[in-house]
Every structure is written in C-alpha cells, then in structure tokens.
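Going by the UniProt record's numbering, the first residue of the sequence shown is number 1, and it counts up by one from there. Where a beta carbon is used, it is the ideal one built from N, C-alpha and C, also for glycine. All values reported here derive from a predicted model rather than from experimental measurement. Right, one structure below, let's go through it.
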Amino acid sequence: MQTATSPDVPQGVRQLEIGPERDGQRIDNALMTLLKGVPKSMIYRLLRTGQVRVNGKRAKPDTRLTQGDTLRIPPVRVAERSKEEGASQAAIAAAAEAVIFEDKHFLVIDKPSGMASHGGSGVSFGAVELLRQARPKEHLELVHRLDRDTSGVLVFARTRAGLTGLQAAIRAGEVTKQYLCLMVGHPQKAKFDVNVPLKKSILQGGERMVRVADDGKPSLTFFREMEQYSGARLMQATLGTGRTHQIRVHAAHIGHPLAGDAKYGDKDANKRFRALGLDRLFLHAAHMGFELDGRSYGFSAPLPDDLKNFLDTLAAKRKSAR
Numbered sequence: 001m002q003t004a005t006s007p008d009v010p011q012g013v014r015q016l017e018i019g020p021e022r023d024g025q026r027i028d029n030a031l032m033t034l035l036k037g038v039p040k041s042m043i044y045r046l047l048r049t050g051q052v053r054v055n056g057k058r059a060k061p062d063t064r065l066t067q068g069d070t071l072r073i074p075p076v077r078v079a080e081r082s083k084e085e086g087a088s089q090a091a092i093a094a095a096a097e098a099v100i101f102e103d104k105h106f107l108v109i110d111k112p113s114g115m116a117s118h119g120g121s122g123v124s125f126g127a128v129e130l131l132r133q134a135r136p137k138e139h140l141e142l143v144h145r146l147d148r149d150t151s152g153v154l155v156f157a158r159t160r161a162g163l164t165g166l167q168a169a170i171r172a173g174e175v176t177k178q179y180l181c182l183m184v185g186h187p188q189k190a191k192f193d194v195n196v197p198l199k200k201s202i203l204q205g206g207e208r209m210v211r212v213a214d215d216g217k218p219s220l221t222f223f224r225e226m227e228q229y230s231g232a233r234l235m236q237a238t239l240g241t242g243r244t245h246q247i248r249v250h251a252a253h254i255g256h257p258l259a260g261d262a263k264y265g266d267k268d269a270n271k272r273f274r275a276l277g278l279d280r281l282f283l284h285a286a287h288m289g290f291e292l293d294g295r296s297y298g299f300s301a302p303l304p305d306d307l308k309n310f311l312d313t314l315a316a317k318r319k320s321a322r
C-alpha cells in the first residue's frame, strides 16, 4: 500500500479487510469515517463511478459491509475540499438544539422539516453531518432516515452496539414507528390498512419515484383517524414495513394523498392548503419505540407549531362553515 507523504499527495489504492467493528455498516458511512476530510460529494462520486469496490464488485451507497469483505479504496486527495468549507453556524446550531434524548448508545433529535437526514444528491449537509460538526469528538452514525420534508424523531447511534442492535431490530420488524399525517378528503373508514407492494423507479430526469407494482416489495401501513377537519383528516400511520415513501404512496394509492405532498399529492388541494398557510408536507414522525439489551426505549416528538397552527386554521374554517 502506498503512503501519502503530505495531505496534498494522493493516497495509493488501499485494500482493507473489514473487521467485526464494521460488520453490517453501510459503505457510505464507513467511507466517511475512513476518508476524513474528503467531501461527501466525492465519496458518493467514487461509489457512483465504481472506483470503490467490495470483493472486486461495484457497491452502492447503501451496500452493507460484512466482516471479511475486502474493501478497495482508490487514490483520493485528502486535502481537497468541496466549495462549501463547512455548514453555517446557524444550521449546526439548529441540529444541536433539536436533540431530545441521549444516552450511552443513542442520540435522538426532533428533525425539522427541510433538513435532510444526510448529505448527498445535491444536499451538502444533512442532520448527521451537522451533528458531527457540533460534536466533533463523538462518533455518530445515522440509524435510519426521514425524508427531507418530514419532521420528527430521528435516531443516531453513538456506539457500534447501538447501531447494529437497532438496525437488526428494524430489519426484524421489532421497532414501532408512528407518524401523524393529514390526508386530503375523507376516507370512508376511520381505521384501515393499506397492503400493496411498492417498487422504486428512476424517471428519465433522474428523479426517484416509488409506485405500486405487483413485482414490488411487500408494504403495509396501518391508518387510524385522529381528527376530522375541513377537506382533510388527521391520521395516525403505523408502519408494518419501512419502504421508501411508503406512507405517501399508500395514501395516494387509496385516493387520499397527503396534504402538501409535491411528488405524490393533489396539486389543486395543495394549492388550496397553501393559501391557508401549509407550505410543507404534512408528515411527522411522532413516535419510535423498541427494546435493546432488555431496556425499553420510546422517543416522541410533538407536532411542530407550523402544523398545529395549520390544523387550527382548518378547525376554524370548519366551524365557520357550520
């Protein structure tokens, strides 16, 4: 293995054998640790162009490493920086102030709408990068993800045991995830489930979409009415599975898309709601619960003020219409 003589000299190709401490870790997260100082955009470019390989094969950002794998890392300039030297202090402070729980294994935030879970795909800094800048001495790993426009409970691991333990629980379906969402219109039943398979697809312009498809992955969401409003219904959505955009696509599939959903929603309804003050997707991760090593964890985040204020507006509108 070649060794760089200065930060500006490219490192040689490295062949690393994955040890037990990285077993099950996503490759993008591993590279961000192994290539400190290298911009995230470069790390994703290395993956996208096939320069990073696992056991001689190309790897996607969400590829999970296994103990004993051989990881090939190409020469990169550690001193190279992205155009952004760092996130703004305001953004770092917003992430730090969003922390609602922390212990030995986990750190949990109430993620604001508009903040990405992680960088990449045109986003320079997500919640995990901001928290790493706010807490440079800590080793934080993103356990799961929320869409950028979704607010609420987002969990980070502070230890390897916390990361692998919670990810294993998620894969086994042993984690409870409950959301609050506002459906356009009024579904016929107050309590129902949507059980249709979902499949990811990439449009010609590169936009990622999810659709109902017979050859998709099994997907299940349980919906329960919380409150009725003028032209909409507040629902609790509990995940039976955790597919990308699952709640949004399931809601749209039954003809009652989520309010404010620019990708899968009703444009006319969104326009009406925007005039009443809703300028975001009405989807909030309200609760997450699980058990780890004999301890029960439960994290809850209240509905944000902007969504509560919008519901107050709808309630007043319904009252005036009576």
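Return the chain-ordered ranges of every alpha helix (DSSP H) run that is complete within the segment 141-195 and spans a minimum of 4 residues. 160-171
Smallest Cα separation from L182: which of R158, G265, P218, G114? G265
Status (buried if at least 16 other CB within 10 Å, exposed otherwise) for V13: exposed
Please state if the CB of A157 and the CB of E141 are separated by a distance shorter than 7 Å. yes
Would you list the residues sitting across from R318 in a DSSP beta bridge? In the DSSP output, where bridge partners are listed per residue, R318 has none listed.
How many angstroms separate the CA atom of D69 from the CA atom of V54? So the two alpha carbons sit approximately 7 Å from each other.
Do L292 and G165 count as a contact pair if the criterion is CB distance below 7 Å? Yes; because the gap between Cβ atoms is below 7 Å, this pair is in contact.
Using the Cβ count rule (16 or more neighbours within 10 Å means buried), how would you classify S113? So S113 ends up on the buried side.
Using the DSSP secondary-structure output, state which residues sit across from Q15 in a beta bridge. R72
Please report how far the alpha carbon of K200 lies from the alpha carbon of K104, in whole angstroms. 36 Å
Could you give the residue range of the alpha helix (DSSP H) that holds Y44? Looking at the DSSP string, the run of the alpha helix (DSSP H) that includes Y44 is 40-48.
Rounded separation between K191 and R233 - CA only: 12 Å
Own chain, CB closer than 6 Å to D149, minus 5 neighbours either side, in chain order: If we look at D149 and ignore the five residues flanking it on each side, its Cβ neighbours are S113, R280, L281.
Please check the pair residue 326 and F273, which I expect to be a contact at CB under 8 Å, by giving their CB distance rounded to whole angstroms. Residue 326 cannot be examined here, being either before or after the span of the chain that is shown, 1 to 322.
Reference A195; option with closest CA among I73, L71, Q246, S41: Per the sequence shown, the amino acid found at residue 195 is Asn instead of Ala. Comparing Cα-Cα distances from N195 to each of I73, L71, Q246, S41, the minimum goes to Q246.
Helix, strand or coil: which one does DSSP assign to M226? strand
Going by CA-CA distance only, name the one from L198, L65, M115 that's closest to G19. L65
If you draw a straight line from the alpha carbon of L303 to that of L283, how long is it in whole angstroms? 9 Å
Applying the criterion that 16 or more other CB atoms from any shown protein chain within 10 Å of the CB defines a buried residue, is L296 buried or exposed? Rather than Leu, the amino acid found at residue 296 in this sequence is Ser. It is exposed - the Cβ of S296 has fewer than 16 other Cβ atoms within 10 Å.
How would you label L203, buried or exposed, when you count the other beta carbons within 10 angstroms and need 16 or more for buried? exposed
Classify E102 as helix, strand or coil using the three-state DSSP reduction. strand
Proximity below 7 Å, CB of residue 323 to CB of L180: Residue 323 lies beyond the stretch modelled for the chain, which goes from 1 to 322, so this question has no answer here.
Just how far apart, CA to CA, sit L131 and I43? Going by the C-alpha atoms only, they are around 19 Å apart.
Taking 6 Å as the limit between beta carbons, can you name the residues of its chain near V99, skipping five residues before and five after? I109
Check this for me: beta carbons of D261 and F222, under 7 Å apart or not? no
Consult DSSP for T33 and reduce its assignment to one of helix, strand or coil. helix
Quick one: what's Y297 bridged to in DSSP? F290
For the ligand COA, I want to know if A98 counts as a neighbour, meaning its beta carbon is within less than 6 Å of at least one of the ligand's heavy atoms. Ligands in the displayed structure: none, and consequently the ligand COA is not present.
So, helix, strand or coil for I202, using DSSP? In this structure, I202 counts as strand in the three-state DSSP scheme.
Which one of R243, A169, A275, L34 has the shortest CA to CA distance from L198? R243
Tell me which residues share the same chain as K317 and place their Cβ nearer than 6 Å to its Cβ, disregarding the 5 neighbours each side in the sequence. Same-chain partners within the cutoff: S230.
On a CA-only basis, which of T49, D305, A95 is nearest I73? Give me that one, please. T49
Run through the DSSP bridge pairs and tell me what M235 is partnered with. C181, E225
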